[in-house]
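Chemist: The numbering used here puts the first residue of the sequence shown at 3, with every later residue one more than the last. Don't be surprised by glycine CBs; every beta carbon is placed ideally from N, CA and C. This structure is in structure tokens; I'll ask about it shortly.
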Amino acid sequence: MKAKNLLLILSVGVMAMGCNSGSLTSTTAPLKTAADSASYYIGYMYGSGLQNMRFKKPNMSAIVAGINTALEKKETKVTPQEMEMYLTSYFQKQAMVEAQENAEAGKKFLEENAKKAGVDTLANGIQYKVIKQGNGPIPTDTDIVEVNYKGTHLDGTEFDSSYSRGEPVKFGLHNVIPGWTTTLKSMPVGSKWEVFIPADQAYGQRGGGPIAPNETLVFEIELLNIVTPEAPATDKK
């Protein structure tokens, strides 16, 4: 059995046992032993997995019933293979609905945002608002840049931030999403912009990690520097 499948079974089992003796919505438990802590961590990882699956309305009672059915080896009306097929179809349909909803929400947001004072548009529908305009050089396709940034969903929820990690990042302009490449090729060093990136210039229909399919994203990008790559070391003889 694959480790991730075992983790899933164990985590649901732990959650089921916990739910049988307490609240389905509890976020606290006594962690008196190492096993208690391990159980909590497995449960947390399982919950994180549900979030990554973008399962919007999990029925916790049904989850508990399912794991108890398996633990007690009771017969089910469908086979495990049929369950897998159902889940694949279910999440594919859910992703399609979410992608359509996000596409419509992003289009509406950008149409309204374009009317706001101070908002300008770059190529491919990328919008930006200058927070601070620098007077340094502007990066080119082959440059490596150093930036600070914060990324948020349209509702303002932060999903990533170099500020939160306490240090800027460095990368080549060809190693980021198209919306970032286009934006940074227009920003002088020393600038800080708020940038609104359509889904097709971000992570597209597939999304990724905390980014949903067809999601329009908002970034604060601060271009700190264009980095000169270090020359490769040479052996002295």
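Taking the C-alpha atoms as reference points, what is the distance between Ala204 and Leu124?
Modeler: To locate residue 204, count along the sequence shown from 1; it is residue 202. To locate residue 124, count along the sequence shown from 1; it is residue 122. Whole-angstrom Cα-Cα distance: 14 Å.
Chemist: Report back the beta-carbon spacing between Phe93 and Lys152 to the nearest angstrom; my notes put them in contact at under 8 Å.
Modeler: Residue 93 sits at position 91 when you count from the first residue of the sequence shown. Residue 152 sits at position 150 when you count from the first residue of the sequence shown. 30 Å between Cβ atoms; not a contact.
Chemist: Let's see if you can read the secondary structure: which residues bound the alpha helix (DSSP H) around Thr154?
Modeler: In the sequence shown, residue 154 corresponds to position 152, counting from 1. Taken as a continuous stretch (DSSP letters only), Thr154 belongs to no alpha helix (DSSP H), being part of the beta strand (DSSP E) at 146-154.
Chemist: According to DSSP, is Val254 part of a helix, a strand, or is it coil?
Modeler: Only positions 3 to 239 of the chain appear in the structure, and residue 254 is not among them; the question remains open.
Chemist: Which residues does DSSP list as the beta-bridge partners of Phe198?
Modeler: The residue you call residue 198 lines up with position 196 of the sequence shown. Answer by DSSP bridge pairing, in chain order: Gln129, Val220.
Chemist: Who does Asn227 pair with in a DSSP beta bridge?
Modeler: For the purposes of this step, residue 227 is identified with residue 225 of the sequence shown, where counting begins at 1. Answer is Glu148, bridged to Asn227.
Chemist: In terms of alpha-carbon separation, which member of Ala105, Ser28, Asn150, Ile146 lies closest to Gly209?
Modeler: Within the sequence shown, numbered from 1, the residue matching residue 209 stands at position 207. Here the closest residue by C-alpha is Ala105.
Chemist: Tell me which same chain residues have a C-beta within less than 7 Å of the C-beta of Pro215, skipping the five on either side of it?
Modeler: Along the sequence shown, one-based indexing puts residue 215 at 213. Same-chain partners within the cutoff: Ala97, Glu100, Ala101, Asn104, Gln207, Arg208, Gly209.
Chemist: Considering Gly68, what are the terminal residues of the alpha helix (DSSP H) in which it resides?
Modeler: Walking along the sequence shown from the start, residue 68 turns up at place 66. Counting along the chain, the alpha helix (DSSP H) containing Gly68 begins and ends at 62-73.
Chemist: Applying the criterion that 16 or more other CB atoms from any shown protein chain within 10 Å of the CB defines a buried residue, is Lys95 buried or exposed?
Modeler: Against the sequence shown, residue 95 aligns to sequence position 93. When all chains shown are included, Lys95 counts as exposed.
Chemist: Taking the beta strand (DSSP E) that Gly174 falls in, what are its first and last residues?
Modeler: For the purposes of this step, residue 174 is taken as the residue at position 172 of the sequence shown. Element bounds for Gly174: 171-174.
Chemist: Alpha helix (DSSP H) containing Ser166: first to last residue?
Modeler: Residue 166 sits at position 164 when you count from the first residue of the sequence shown. It spans 164-167 - the alpha helix (DSSP H) in which Ser166 sits, taken as one unbroken run.
Chemist: Starting from the Cα of Val229, find the closest Cα among Val147, Ser188, Trp182 and give me that residue.
Modeler: Residue numbering aside, residue 229 sits at position 227 when the sequence shown is read from its first letter. Comparing Cα-Cα distances from Val229 to each of Val147, Ser188, Trp182, the minimum goes to Val147.
Chemist: Return the bridge partner residues of Asp122 from the DSSP annotation.
Modeler: By one-based count along the sequence shown, residue 122 stands at place 120. Bridge partners of Asp122: Tyr130.
Chemist: Can you give me the start and stop residues for the alpha helix (DSSP H) that Gly136 sits inside?
Modeler: Here residue 136 corresponds to residue number 134 of the sequence shown, with the count starting at 1. Premise fails: Gly136 is in no alpha helix (DSSP H) and is neither H nor E.
Chemist: Tell me the rounded alpha-carbon separation between Leu225 and Leu219.
Modeler: Numbered from 1 along the sequence shown, position 223 holds the residue referred to as residue 225. Numbered from 1 along the sequence shown, position 217 holds the residue referred to as residue 219. Answer to the nearest angstrom: the Cα atoms are 18 Å apart.
Chemist: Report buried or exposed for Ala119, applying the criterion of at least 16 other Cβ atoms within 10 angstroms of its Cβ.
Modeler: By 1-based counting over the sequence shown, the position of residue 119 is 117. Exposed: under 16 other Cβ atoms inside 10 Å.
Chemist: Could you give the distance in angstroms between the alpha-carbon of Glu217 and the alpha-carbon of Phe198?
Modeler: As a working note, residue 217 is residue 215 in the sequence shown. As a working note, residue 198 is residue 196 in the sequence shown. Distance between the alpha carbons of Glu217 and Phe198 is about 11 Å.
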